[in-house]
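**Q** In order, the protein sequence lines correspond to chains A and B.
Position 312 of the first sequence, counting from 1, maps to 311 under numbering that gives the first Met the number 0, and the rest follow consecutively.
Position 347 of the second sequence, counting from 1, maps to 346 under numbering that gives the first Met the number 0, and the rest follow consecutively.
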Amino acid sequence: MLPDTATITSSPSLSVPWWKVVYDFSALTEWIDKSLHNAMSPFWTTITELLIIGVLILLFYALVGLFLVYAERKVCAFMQNRLGPNRVGPFGIFQTIADLFKLLFKELIPIKNADGFLFNLAPFIVIIASFMAIAAIPFARGLHAIDLNIGVLYVIAVSAMGVIGVLLAGWSSNNKYSLIGAMRSGAQIVSYELSVGLALITIVVLAGSMQLSVIVEAQRDGWFIFKGHIPAFIAFIIFLVSSTAETNRGPFDLAEAESELTAGYHTEYSGIKFAFFFLAEYINMFIVASIAATVFLGGWMPFHVGHWEGFNHIMDFIPPFIWYIGKTFFVIFIMMWFKWTFPRLRIDQLLTLEWKYLLPINLVNVLIMAFIVLMGWHF
Amino acid sequence: MEEKDITSLPDEQQEYFINMGPQHPSTHGVLRLLVSLKGEMVKNIEPHVGYIHSGIEKMCESITYPQIIHLTDRMDYISAHINNEAVCLNVEKALEVEIPDRIKVIRTIMSELTRIQSHQLWWACFGMDLGGLTCFFYGLRDREKILDIFEETCGGRMIVSYNCPGGLMYDIHPNFQKRVKDFIKYFRKILPEYDQLLTGNVIFHERSKGIGRLTKEDAISFGVTGPTGRASGFSCDVRKHEPYSAYDRVQFKEILLTEGDTFSRYVARIEEMWESMNIIEQLIDNIPEGPFAVKMKPIIKLPEGEYYQRVETARGELGVFVISDGNKNPYRVKFRSPNFSNLSVLNHIAKGFKIADLVAIGGSLDLIIPDIDR
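#1: Which word fits Ile-124 (chain A), buried or exposed, when buried means at least 16 other C-beta atoms lie within 10 angstroms of its C-beta?
#2: Are the C-beta of Met-335 (chain A) and some C-beta of chain B separated by less than 9 angstroms?
#3: Which first and last residues belong to the alpha helix (DSSP H) in which His-312 (chain A) is found?
#4: Within 10 angstroms of the Cβ of Gly-199 (chain B), are there 16 or more other Cβ atoms? Answer buried if so, exposed if not.
#5: Which value, in whole angstroms, describes the spacing of the CA atoms of Tyr-50 (chain B) and Lys-355 (chain A)?
#6: For Ala-5 (chain A), name the three-state secondary structure that DSSP assigns.
#7: Straight-line CA distance for Asp-217 (chain B) to Asn-341 (chain B)?
#8: Taking a cut of 9 angstroms between CB atoms, which residues from the stretch 236-259 of chain A lie near chain B?
#9: If you count every other CB in all the chains shown that lies within 10 Å of the CB of Gly-375 (chain A), and 16 or more means buried, which is it?
#10: Note down, in chain order, each residue of its chain lying with its Cβ closer than 6 angstroms to the Cβ of Asn-174 (chain A), except the 5 sequence neighbours on either side.
#11: Using a Cβ-Cβ distance cut-off of 9 angstroms, determine whether Pro-24 (chain B) contacts chain A.
#12: Are the CB atoms of Ser-194 (chain A) and Val-240 (chain A) within a distance shorter than 9 angstroms?
#13: What's the C-alpha gap between Val-87 (chain A) and Met-272 (chain B)?
#14: Alpha carbon to alpha carbon, how far is Ile-68 (chain B) from Asn-83 (chain B)?
#15: Specify the secondary structure class of Tyr-377 (chain B) as computed by DSSP and reduced to three states.
#16: Is the Cβ of Val-321 (chain B) closer than 9 angstroms to any Cβ of chain A?
#17: What is the rounded straight-line gap between the Cα of Arg-229 (chain B) and the Cα of Ser-110 (chain B)?
#18: With 16 as the cutoff for other CB atoms within 10 Å, does Asp-194 (chain B) come out buried or exposed?
#19: In this structure, what does DSSP give as the bridge partners for Pro-46 (chain B)?
#20: Report the start-end ranges of each beta strand (DSSP E) in the stretch 284-335 of chain B that is 3 residues or longer and not cut off at the edges.
#21: Could you have a look at Ala-139 (chain A) and say whether DSSP puts it in helix, strand or coil?
#22: Check Lys-353 (chain B) in the structure and name its three-state DSSP category.
#23: Could you spell out the range, first to last residue, of the beta strand (DSSP E) harbouring Ile-17 (chain B)?
#24: Please report the residue range of the alpha helix (DSSP H) in which Lys-226 (chain A) lies.
#25: For Ile-145 (chain B), tell me which candidate among B:Ile-98, B:Tyr-307 and B:Gln-116 has the shortest Cα-Cα distance.
#26: Can you tell me whether Ile-233 (chain A) is buried or exposed, with buried defined as 16 or more other CB within 10 angstroms of its CB?
#27: Give the range of the alpha helix (DSSP H) segment to which Lys-378 (chain B) is assigned.
#28: Rounded to a whole number of angstroms, what is the C-alpha to C-alpha distance between Val-201 (chain B) and Tyr-169 (chain B)?
#29: Since Leu-120 (chain A) and Gly-270 (chain A) are thought to touch, with beta carbons under 8 angstroms apart, how far apart are those beta carbons, to the nearest angstrom?
#30: For a contact meaning CB atoms closer than 9 angstroms, what does Arg-264 (chain B) contact in chain A?
#31: Check whether the Cβ of Thr-201 (chain A) lies closer than 9 angstroms to any Cβ atom in chain B.
#32: What does DSSP give as the partner residues of Lys-101 (chain A) in its beta bridges?
#33: Inspect the CB distances between the stretch 144-163 of chain B and the stretch 74-91 of chain B and report whether three or more fall short of 8 angstroms.
#34: Could you tell me if Thr-45 (chain A) is buried or exposed, where buried requires 16 or more neighbouring beta carbons within 10 angstroms of its beta carbon?
#35: Could you give the first and the last residue of the continuous alpha helix (DSSP H) run that contains Trp-322 (chain A)?
#36: Please find out if some non-hydrogen atom of the ligand HEM comes closer than 8 angstroms to the beta-carbon of Gln-195 (chain B).
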């Protein structure tokens, strides 16, 4: 049903000056919402908003993917005494775009005796899982696609769905290397999911909420990694380790260990289907880094120290989005750093690390954190 | 057809095979390992060799002795210089030519440089096998420096062909001594960096300690030589036991370890790099004056008989066995290549470990495939 012409009297104006939008996106989003409501019925408004958000996230996804691949190659080159990509465009910044086009135009090689349906389905499951997780991440004040009251739980649940794609890819390829890779990946992700969850629960205990926006707001007077004393720091380390394992990155890249299994579960994929796996790996890294930044390092919240009003005010001048990106890339850099430094673990050592060390430490850690919260020792 | 529950089957029927190679990143060449697995557990390994068989021994029968040098380069291409030396020493021994000290010293320095660069490349690849890609670039960066020295003096970088029966192809470059000394100074500082990156890493220890243990008895019965054999306590350094060239006038210790696992094979090679640097340092300032080659007959004919010479390459003992019927071509040449014996032990030590361990063990044996196939 089209709205009455009478309601479209005048389009509502932005309540704040345009340049202040970078500090609080809610004014902008509210303005868009109101304008749309004026123009069409609530049903179509929701549809339009979903479309806008979908397109924006898709764009963001592609940009982050392209940038991360470039960043990884540069960081890796820096670690390894090389130059990295430096031919396509200034400092090689268009290299990944060129690679993307190469992958788009490559032949999709059909595999004999492969389970065609599952083989084609697998990359989409992997990429959709990472795509869904990105929706719940708060990028800046007011820039948050869905603010679920169980945001932490949702992100853990959705990002773990990717393993189904990996398992399907390995199983349907009709290749023993792929199958070994997929089975390793299954065992690995199921195990490390526990540590990721428990590390986040440590902070949920401290924050008292699973809603990501509330968690960020609660860090107004100090990030949780500082507020939570030692347990929060231990949880951060455990989260870093186990989330690296969950995203199948080195030193836990057993599913695609190229010196053992050639390329693991995506050995048989080519062209854009391979690119989907490749992109999903980087987006997963971005997601776990975002969660680490949001939950432990305050997300978009600037660096605040208790009651130092002047200092906090100066920090507020840096837009929240910059804080968020800065923290996320700091975590990503750490993950790249140890990927390019450490040798790979063996599968039994990987599971030993999780079940014998990380899990018990984590359980004790949650207990200590609960005790600290109970006694009110955090500040 | 009804489906069987394979977990109820006896062990042998639960196994499945994978072909590691001939095109596989961790076999460093065209070696094919037919690996029988149960889950991730390695049950049996059957090496299939011959994918890069080039008939070097047969070819030697139709070419002259100076020409054989250029074929031996292509066997163990990472220690090309030492392979050349083996043939030259054999020919010189047969002809009873007295070799001046200058040649001996230069040959020894070159051999040790070859050993260092071979171990550098091995370190690089071993790190890569274990998943630490950064090692590869560090190793290659330092290896370049030795290859530059080779290029300046020999003209070649990897396939040097610097030796010839009776001496050397050319004299050393005027910069040679300075550059070698610079390199030693540089590498003494860099080698601890290798340790920082890999040796001290806890993941590396977990991956290599107690993996693929080779006992001294097995090492002897399989004929495993070189750092691999010495890591098991088998004293097999030809440089010590049967000194050739200038090895009898330098002080160095034979690296002997007792563990025999992947980690001690690693340590043995790292220690050998230190020892090689010691050897070079003792000789580099004392290169005697003299000719760089002895005048030989234009056509070298070995007297009738059988000749054997062994040398210590970077991977173990290389033996050159020549039967001559008095012609300019040998009647028969046989190379006792270290890699062939070292490969034979792979099934024995890697059985019962996981695939990832098989890669680590294979890497620690430091196999060069053209040397196996010849």
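Glycine residues also receive a C-beta, built at the ideal position from the N, C-alpha and C atoms.
In this text, all values refer to a predicted model and were calculated from it rather than measured experimentally.
**A** The relevant details are as follows:
#1: Here residue 124 (chain A) refers to the residue found at position 125 when the first sequence is read from its first residue. Under this definition Ile-124 (chain A) is a buried residue.
#2: Stepping through the first sequence from its first residue, residue 335 (chain A) is reached at position 336. With 9 angstroms as the cut-off, Met-335 (chain A) does not count as an interface residue toward chain B.
#3: Residue 312 (chain A) sits at position 313 when you count from the first residue of the first sequence. His-312 (chain A) -> alpha helix (DSSP H) spans 308-315.
#4: For this step, residue 199 (chain B) is matched to residue 200 along the second sequence. By the 10 Å Cβ count, Gly-199 (chain B) comes out exposed.
#5: Position 51 of the second sequence, counted from the first residue, corresponds to residue 50 (chain B). Position 356 of the first sequence, counted from the first residue, corresponds to residue 355 (chain A). Rounded to whole angstroms, the separation of the alpha carbons of Lys-355 (chain A) and Tyr-50 (chain B) is 45 angstroms.
#6: Here residue 5 (chain A) corresponds to residue number 6 of the first sequence, with the count starting at 1. The predicted position of Ala-5 (chain A) is uncertain, since its pLDDT is 42 and thus under 50; a value taken from the coordinates is nonetheless stated next. It is coil, neither helix nor strand.
#7: Indexing the second sequence from 1 puts residue 217 (chain B) at position 218. Indexing the second sequence from 1 puts residue 341 (chain B) at position 342. Asp-217 (chain B) and Asn-341 (chain B) have their C-alpha atoms spaced approximately 11 angstroms apart.
#8: Gly-249, Pro-250, Asp-252, Leu-253, Ala-256, Glu-257, Ser-258 and Glu-259
#9: Position 376 of the first sequence, counted from the first residue, corresponds to residue 375 (chain A). Exposed, by the Cβ-count rule.
#10: As a position in the first sequence, residue 174 (chain A) is number 175, starting the count at 1. Excluding residues within five positions, the ones whose Cβ falls inside 6 angstroms are Thr-266 and Glu-267.
#11: Here residue 24 (chain B) refers to the residue found at position 25 of the second sequence. Yes - at least one Cβ of chain A is within 9 angstroms of the one on Pro-24 (chain B).
#12: As a working mapping, residue 240 (chain A) is identified with position 241 in the first sequence. As a working mapping, residue 194 (chain A) is identified with position 195 in the first sequence. Yes, these two residues count as a Cβ contact at 9 angstroms.
#13: Here residue 87 (chain A) is taken as the residue at index 88 of the first sequence, counted from 1. Here residue 272 (chain B) is taken as the residue at index 273 of the second sequence, counted from 1. Cα-Cα distance, rounded: 40 angstroms.
#14: In the second sequence, counting from the first residue as 1, residue 68 (chain B) sits at position 69. In the second sequence, counting from the first residue as 1, residue 83 (chain B) sits at position 84. Straight-line Cα distance between these residues: approximately 5 angstroms.
#15: Within the shown structure, residues of chain B are numbered from 0 to 373, placing residue 377 (chain B) beyond reach of any answer.
#16: What you label residue 321 (chain B) is simply residue 322 of the second sequence in a count that begins at 1. No, because no Cβ of chain A sits closer than 9 angstroms to the Cβ of Val-321 (chain B).
#17: Stepping through the second sequence from its first residue, residue 229 (chain B) is reached at position 230. Stepping through the second sequence from its first residue, residue 110 (chain B) is reached at position 111. Their backbone Cα atoms lie some 19 angstroms apart in a straight line.
#18: Translated into positions along the second sequence, residue 194 (chain B) becomes position 195. Looking at its Cβ environment, which holds fewer than 16 other Cβ atoms inside 10 Å, Asp-194 (chain B) is exposed.
#19: In the second sequence, counting from the first residue as 1, residue 46 (chain B) sits at position 47. For Pro-46 (chain B), the pairing in a beta bridge is given by DSSP as B:Leu-32.
#20: 304-312, 315-323 and 331-335
#21: Here residue 139 (chain A) is taken as the residue at index 140 of the first sequence, counted from 1. Residue state, collapsed to three classes: strand.
#22: Your numbering for residue 353 (chain B) matches position 354 in the second sequence. Correct three-state label for Lys-353 (chain B): strand.
#23: The count along the second sequence starts at 1 and reaches residue 17 (chain B) at position 18. Where Ile-17 (chain B) is concerned, the enclosing beta strand (DSSP E) stretches over 15-19.
#24: Residue 226 (chain A) sits at position 227 when you count from the first residue of the first sequence. That run of the alpha helix (DSSP H) goes 223-226.
#25: Taking the second sequence and counting its residues from 1, one reaches residue 145 (chain B) at position 146. The shortest Cα separation from Ile-145 (chain B) among B:Ile-98, B:Tyr-307 and B:Gln-116 belongs to B:Gln-116.
#26: By 1-based counting over the first sequence, the position of residue 233 (chain A) is 234. Answer is buried; the Cβ neighbour count reaches 16.
#27: It is not possible to answer for residue 378 (chain B), since the shown part of chain B is limited to 0 through 373.
#28: In the second sequence, counting from the first residue as 1, residue 201 (chain B) sits at position 202. In the second sequence, counting from the first residue as 1, residue 169 (chain B) sits at position 170. Each residue's alpha carbon lies about 48 angstroms from the other.
#29: Taking the first residue of the first sequence as position 1, residue 120 (chain A) is located at position 121. Taking the first residue of the first sequence as position 1, residue 270 (chain A) is located at position 271. Incorrect: roughly 16 angstroms between the Cβ atoms, too far for contact.
#30: What you label residue 264 (chain B) is simply residue 265 of the second sequence in a count that begins at 1. Under the 9 angstroms cutoff, chain A gives no residues; its nearest Cβ is about 16 angstroms from Arg-264 (chain B).
#31: Against the first sequence, residue 201 (chain A) aligns to sequence position 202. Not an interface residue.
#32: Mapped onto the first sequence, residue 101 (chain A) falls at position 102. For Lys-101 (chain A), which the question treats as bridged, DSSP gives no partner whatsoever.
#33: The answer is yes - the stretch 74-91 of chain B touches the stretch 144-163 of chain B, with three or more Cβ pairs under 8 angstroms.
#34: Along the first sequence, read from residue 1 onward, the residue named residue 45 (chain A) stands at position 46. Its Cβ having fewer than 16 others within 10 Å, Thr-45 (chain A) is exposed.
#35: The sequence position of residue 322 (chain A) within the first sequence is 323, counting from 1. Taken as a continuous stretch (DSSP letters only), the alpha helix (DSSP H) holding Trp-322 (chain A) covers 319-338.
#36: You won't find the ligand HEM in this model; it holds no ligand whatsoever.
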